[in-house]
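Numbering (the working numbering), first residue to last: 28 to 227.
Heads up, the beta-carbon is just placed ideally off N, CA and C, and yes, glycines get one too.
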């Protein structure tokens, strides 16, 4: 399976608390719910299509808890995202979760790199990572990401956890697809392409 990340970020790279005011207030974050007013029908249709291509989902613990509390209690017939998440295998990276309540969940707690590599070796279209910023950064550090789907919203949030830290490994990206929705949301699909080139 191809490992694909799907991340919603503000123009200044914030990915924290995009869905609701109280979704994630860690670190004193007070500006939750910034994405929903800007999420238009074209972005929704693209995201539904992305979820429809998933054969498995991989989460960090915080995103898993948020998704389980929201999508995990939703009727799968309500929409395409609820159907995908509630009828597809889920894997969560955690050293503390022992008995997940969301159906069809497996905890990866020991050799995470080996566990992810084993998942990627399985047949299927996609192993998707939604949210899960710390996990995405770890996967990038270990060259395990095959494709990046980035939803960039026309807003500067000004605080909160960003997708990439101030310092970290450098990665070149190959643009595979790009579109702008009527509401100004930019959707880009990238493939990691090794180290960037620098002018001398």
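For residue j and residue i, the rounded distance between their alpha carbons
i           : j           : result
residue 180 : residue 39  : 9 Å
residue 158 : residue 96  : 15 Å
residue 209 : residue 137 : 44 Å
residue 147 : residue 63  : 32 Å
residue 223 : residue 66  : 32 Å
residue 190 : residue 204 : 20 Å
residue 141 : residue 218 : 22 Å
Span of the alpha helix (DSSP H), counted from its first residue to its last, around residue i
i           : result
residue 71  : 68 to 79
residue 228 : Summary: the structure shown does not reach residue 228, with the chain confined to residues 28 through 227, and so no result is reported for it.
residue 166 : 160 to 168
Sequence-distant residues of the same chain with beta carbon closer than 6 Å to residue i, five excluded per side
i           : result
residue 221 : 199
residue 116 : 83, 131
residue 98  : 109, 112
Other residues of its chain near residue i: CB distance less than 8 Å, five sequence neighbours each side excluded
i           : result
residue 183 : 37, 38, 39
Whether residue i touches residue j by CB criterion (8 Å)
i           : j           : result
residue 30  : residue 171 : yes
residue 107 : residue 68  : no
residue 162 : residue 134 : no
residue 188 : residue 160 : yes
residue 33  : residue 100 : no
residue 55  : residue 47  : no
Span of the beta strand (DSSP E) around residue i
i           : result
residue 213 : 213 to 219
residue 175 : 174 to 180
7 Å Cβ shell around residue i - same chain, five flanking residues per side excluded
i           : result
residue 169 : 140
Legend entry - Cβ contact check for the segment 124 to 136 and the segment 48 to 61: 3 or more pairs under 8 Å: no
Legend entry - Cβ contact check for the segment 81 to 90 and the segment 152 to 167: 3 or more pairs under 8 Å: yes
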